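Working notes, beginning with the structure itself.
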Amino acid sequence: MKYLHFLALTLILVACKTYSDEDLKNFDKQIQEFMTKKGLKMDASPSGLYYKINPKGEGRNVLYQDSIVVTYEGKLLNGEIFDRQKDPITFALKDMIGGWKEALLMMKKGDEIELLIPPQLGYGEHKLDDIPQHSILYFNMKLLDLK
Numbered sequence: 009m010k011y012l013h014f015l016a017l018t019l020i021l022v023a024c025k026t027y028s029d030e031d032l033k034n035f036d037k038q039i040q041e042f043m044t045k046k047g048l049k050m051d052a053s054p055s056g057l058y059y060k061i062n063p064k065g066e067g068r069n070v071l072y073q074d075s076i077v078v079t080y081e082g083k084l085l086n087g088e089i090f091d092r093q094k095d096p097i098t099f100a101l102k103d104m105i106g107g108w109k110e111a112l113l114m115m116k117k118g119d120e121i122e123l124l125i126p127p128q129l130g131y132g133e134h135k136l137d138d139i140p141q142h143s144i145l146y147f148n149m150k151l152l153d154l155k
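Just so we're aligned, residue 9 is where the sequence shown starts under this note's numbering, counting upward by one.
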């Protein structure tokens, strides 16, 4: 049993990519250039997440244990849409990428948000069908409900 725990921990540590300070600065530079090019004004969190909340909601903020009901569109910085959900979809917040978790915890039911998520808060080095490794993600999302 100890061997299985050790193996699992080793796999987790090997699978996790940590980015250098230089990498993080480069991602931030790309985000800054994108915002300038698009004329976007966003707030930045210490983690590197950029966001702009359009507060339309009311009630309590999202909690980590909540499930959220959202619609969204996700794009790469080149404008390519990699995911779009026009019909409401429910997710457990705890199962989301770091950028979504951080952003949604600032929101209330009815809020809309625009996000620029650097790779360390997104999919990192994981290669997905429509999302290249180390991609910065650009989302527009509406929080329709929380449970």
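The beta-carbon is built from N, C-alpha and C at its ideal position, and this holds for glycine as well.
Please read all numbers here as calculations on a predicted model, not as lab measurements.
Hey, out of Pro127, Thr79, Thr98, whose CA is closest to Lys178's CA? Since the first residue shown for the chain is 9 and the last is 155, residue 178 is missing from the structure and cannot be characterised.
Could you check what DSSP says for Gln93 in three-state terms: helix, strand or coil? Counted from its first residue, the sequence shown places residue 93 at position 85. Three-state result, Gln93: strand.
The stretch 34–42 touching the stretch 123–131, judged by at least three CB pairs closer than 8 Å: yes
Could you give the uninterrupted runs of the alpha helix (DSSP H) lying entirely in the stretch 81–136, keeping only those of 4 residues or more? 106–112
Leu113 versus Leu71: straight-line alpha-carbon distance, rounded: On the sequence shown, residue 113 is found 105 positions in, with the first residue counted as 1. On the sequence shown, residue 71 is found 63 positions in, with the first residue counted as 1. Cα to Cα, the separation comes out at about 6 Å.
Per DSSP, which one or two residues make a beta bridge with Lys150? Along the sequence shown, one-based indexing puts residue 150 at 142. Answer is Thr79, Glu120, bridged to Lys150.
Give the secondary structure of Ile39 by DSSP, where H, G and I count as helix, E and B as strand, and everything else as coil. In the sequence shown, counting from the first residue as 1, residue 39 sits at position 31. Here Ile39 sits in helix by DSSP.
Which value, in whole angstroms, describes the spacing of the CA atoms of Glu81 and Asp91? Start at 1 with the first residue of the sequence shown, and residue 81 comes out as number 73. Start at 1 with the first residue of the sequence shown, and residue 91 comes out as number 83. So the two alpha carbons sit approximately 6 Å from each other.
Through-space distance from Met43 to Met115, alpha-carbon basis: Within the sequence shown, residue 115 is the residue found at index 107, counting from 1. Within the sequence shown, residue 43 is the residue found at index 35, counting from 1. Using only the alpha carbons, I get a separation of about 22 Å.
Return helix, strand or coil for Lys60, following the three-state DSSP convention. Your numbering for residue 60 matches position 52 in the sequence shown. It is a strand residue.
Please determine, among Pro54, Lys135, Asn62, Asp153, the residue with the shortest C-alpha to C-alpha distance to Glu110. In the sequence shown, counting from the first residue as 1, residue 110 sits at position 102. Ranking Pro54, Lys135, Asn62, Asp153 by Cα distance to Glu110 puts Pro54 first.
In angstroms, rounded to a whole number, what distance separates the CA positions of Ser119 and Asp51? By 1-based counting over the sequence shown, the position of residue 119 is 111. By 1-based counting over the sequence shown, the position of residue 51 is 43. It is worth fixing the name first, because residue 119 is Asp in this sequence and not Ser. Their Cα atoms are separated by approximately 16 Å.
With distances taken Cα to Cα, identify the nearest neighbour of Trp108 among Tyr27, Leu154, Asn62, Phe147. As a working mapping, residue 108 is identified with position 100 in the sequence shown. Closest by alpha carbon: Phe147.
Looking at Lys83 and Leu136, is the spacing between their C-beta atoms short of 9 Å? Position 128 of the sequence shown, counted from the first residue, corresponds to residue 136. Position 75 of the sequence shown, counted from the first residue, corresponds to residue 83. In this structure, Lys83 does not lie closer than 9 Å to Leu136 by Cβ.
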